[in-house]
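The next block holds one structure in the form of structure tokens; read it before the comments.
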Amino acid sequence: MHEKHAEYTDVNEILKGEHTGEKVCIRGWIHRTRNIGSMVFLNIRDPTGVVQVMASSDSVENYEEIKPLLLESSVEVCGEVAEDRRAPGGYEVRASGVNVIHAAGVFPIQEDHSVEHLLDNRHLWLRSTYMRDILTVRSTVFGAIHEYFRANGYKEFQSPILTPLACEGGSTLFPVDYFGDEVYLAQSWQLYAEAAIFSLGKIYTMAPSFRAEKSRTARHLTEYWHAETEAPWLEFDGLVELAEGMVCNVVKRVLENNREELERLRGGDMDYLLRVKSPFHRITYQEAIHKLNEAGLDIEYGDDFGAPHERELTDIYDKPVFVTHYPQEIKAFYMKRAPEDESKVLGFDLLVPHVGELIGGSQRETDIGAMESRLQGEGEDITRYGWFLDTRRYGSVPHSGFGLGVERLVTWLCSLEHIRDSIPFPRTPNRYRP
RNA sequence: GCCGUCGUAGCUCAGUGGUAGAGCACUCGGCUGUUAACCGAGCGGUCGCCGGUUCGAAUCCGGUCGACGGCGCCA
26 MHEKHAEYTD
36 VNEILKGEHT
46 GEKVCIRGWI
56 HRTRNIGSMV
66 FLNIRDPTGV
76 VQVMASSDSV
86 ENYEEIKPLL
96 LESSVEVCGE
106 VAEDRRAPGG
116 YEVRASGVNV
126 IHAAGVFPIQ
136 EDHSVEHLLD
146 NRHLWLRSTY
156 MRDILTVRST
166 VFGAIHEYFR
176 ANGYKEFQSP
186 ILTPLACEGG
196 STLFPVDYFG
206 DEVYLAQSWQ
216 LYAEAAIFSL
226 GKIYTMAPSF
236 RAEKSRTARH
246 LTEYWHAETE
256 APWLEFDGLV
266 ELAEGMVCNV
276 VKRVLENNRE
286 ELERLRGGDM
296 DYLLRVKSPF
306 HRITYQEAIH
316 KLNEAGLDIE
326 YGDDFGAPHE
336 RELTDIYDKP
346 VFVTHYPQEI
356 KAFYMKRAPE
366 DESKVLGFDL
376 LVPHVGELIG
386 GSQRETDIGA
396 MESRLQGEGE
406 DITRYGWFLD
416 TRRYGSVPHS
426 GFGLGVERLV
436 TWLCSLEHIR
446 DSIPFPRTPN
456 RYRP
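Residue 435 in this note's numbering is what sits at position 410 of the first sequence, and the numbering runs on without skipping anything.
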């Protein structure tokens, strides 16, 4: 046993050659181990990287204690850093002391693993380089979204998670027993936000949203983080610019802060991300239908896009693409009609490769009569929207907002096969554990 | 909700009607420069579950449960 050390060195500093020849102490977990008689090699992982430690029966007094250590045991190691081409990464720590913090049991995750096994052991799989890289990018994404809105004068506003009403007719809600009454887990912040802009002005949030749809796809979660914004006096063109600016800021920040992680996750293909700068492509729904028909897909004006249509549109363009001016029949009741053509709405979707719809937004309808007839047309009980309709009764102003699926953003940035890896503990129709 | 694939050792899988297999992990032994170390030995099973066909079922049939992949719906 050696004495406690006040300072520990990050593994990545050793791998950058910053401590060669010095005595350092590191602490972390055994990532891999190789034992050849009276010498053992321990690859030690900390949050910054993995470095090889060499310990022999001559160099450490408790060699017999460390020789049988299993993967993921936690240790402190002190020793001299040496540059050595035989070591993975080119550097190793030649141990003079190894302090066993905890000798782990047999770790359930081995080299061979299935998707199912990794999901069952998600709490342990978080330790993988893969998950660490994604969650590091995710942290930057959350920070960049907060930063963008605050830098543009937006205040953060919170709405309730337990709510008595739906936001959009079609979506399915998770019911919750509220002392005998039925309430629901929120699927959007928007309706409450539309009440708050009259007080705070420009606002945003990042909060969980819940959808009880049994969507079995690589881009749906039942619980996801929803970045939403709402602003008074903001009209459609300004809204599109706001969305574009936000995405650009996130891309800029992850490229600045997480270049290494992104290169590992994207297999070195960074060209696409480096292209993501203003302006994005902007086409109308009508133009999109035309493009799709030209490309040989069978879709008529008035149909909503399916996965193949979104895929084709994102393939055509080399950057994210805004699709605007959808027919009002296929969009939500709260979207404002386009003044030049009442059959269309001032709404947009931002489409990106692989994940499809990243953001949906609109200028909001302010005509209370139009909203009421629209809700009735969808079979909604208008009395449940009483308080919300008050936002159109007392000093109504033009306003706009959008919602972004944060996990879809992370999935897109990291080029993930499935959205479940963009969140630490994914909730999907078939899975709510661990 | 619809379509499809798969459930065999702790993990990844092979096994198409006749005594349950391999690699890895783990345990023991060997090895002073390993790179997913290597060599030898050992441990390890209600073949998802229920029923049926058969002299005999991991294998064929029916049902059921679970997971995964895709579509639809959405962010």
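Think of the CB as a built atom: it goes at the ideal place given N, C-alpha and C, for glycine as much as any other residue.
- Straight-line spacing of the CA atoms in E390 and S213 works out to 17 Å.
- A direct Cα-Cα distance of roughly 44 Å separates S184 from D137.
- Under the three-pair Cβ rule at 8 Å, the stretch 242–251 does not count as touching the stretch 270–286.
- When the beta-carbon positions are compared, V76 and Y116 come within less than 8 Å of each other.
- Take the alpha-carbon of I355 and the one of F413: they are about 22 Å apart.
- Closest option to T453, judged by alpha-carbon separation, among A220, F235 and D202: F235.
- Here G270 carries a helix assignment [DSSP, helix/strand/coil].
- Counting along the chain, D109 sits inside no alpha helix (DSSP H), nor does DSSP assign it H or E at all.
- L95 counts as exposed, since fewer than 16 other beta carbons sit within 10 angstroms of its beta carbon.
- Inclusion of I126 and E97 in the CB contact set at 8 Å is not warranted, their separation being larger than that value.
- Rounded to whole angstroms, the Cβ separation of L187 and F427 is 24 Å, and the two are not in contact under 8 Å.
- Between V118 and V78, the C-beta gap is smaller than 8 Å, which places the two residues in contact.
- With a minimum length of 3 residues, the unbroken runs of beta strand (DSSP E) contained wholly in the stretch 209–247 fall at 228–235.
- Nearest C-alpha to Y297 among D328, K344 and D340: K344.
- Cβ neighbours of I314 within its own chain (closer than 7 Å, five residues either side excluded): I324 and Y326.
- Taking C-beta atoms as the reference points, G372 and S387 count as a pair closer than 8 Å.
- Judged by DSSP secondary structure, H171 falls within the alpha helix (DSSP H) whose first and last residues are T154 to A176.
- Under DSSP, L290 takes part in no beta bridge, so it has no partner.
- Going by DSSP, I91 is part of the alpha helix (DSSP H) stretching over Y88 to I91.
- From the listed residues P352, E312, S421 and V140, the smallest Cα separation to W258 is found for S421.
- Ranked by Cα distance from N87, the first of E286, R300, S63 and V201 is S63.
- Between the stretch 433–453 and the stretch 153–163, the count of C-beta pairs closer than 8 Å reaches three or more; the two stretches touch.
- According to DSSP, Y203 shares a beta bridge with D206.
- Counting of Cβ neighbours within 10 angstroms places R244 among the buried residues, the total reaching 16 or more.
- For W437, no beta strand (DSSP E) segment is defined; the enclosing uninterrupted segment is the alpha helix (DSSP H) at V431 to C439.
- Within its own chain, the residues whose Cβ lies closer than 6 Å to the Cβ of A129, once the five positions on either side in sequence are excluded, are L95, E97 and S98, listed in chain order.
- Distance from K48 to E108 at the Cβ level is roughly 15 Å; contact not present, criterion being Cβ atoms closer than 8 Å.
- For M295, the secondary structure class from DSSP, reduced to helix, strand or coil, is coil.
- Nearest to I384 by C-alpha distance, out of R418, G394, L267 and E288, is L267.
- M231 sits buried, since 16 or more C-beta atoms from the chains shown fall within 10 Å of its C-beta.
- For R458 and H379, the gap between their C-alpha atoms comes out near 26 Å.
- Annotated three-state conformation of Q135 is coil, per DSSP.
- Around A221, the same chain offers F182 and I228 as residues with beta carbons nearer than 7 Å, after the five sequence neighbours per side are excluded.
- Per DSSP, the unbroken alpha helix (DSSP H) holding A332 starts and ends at A332 to I341.
- With fewer than 16 other Cβ atoms inside 10 Å of its own Cβ, F204 counts as exposed.
- Counting only the Cα atoms, S82 lies some 14 Å from L67.
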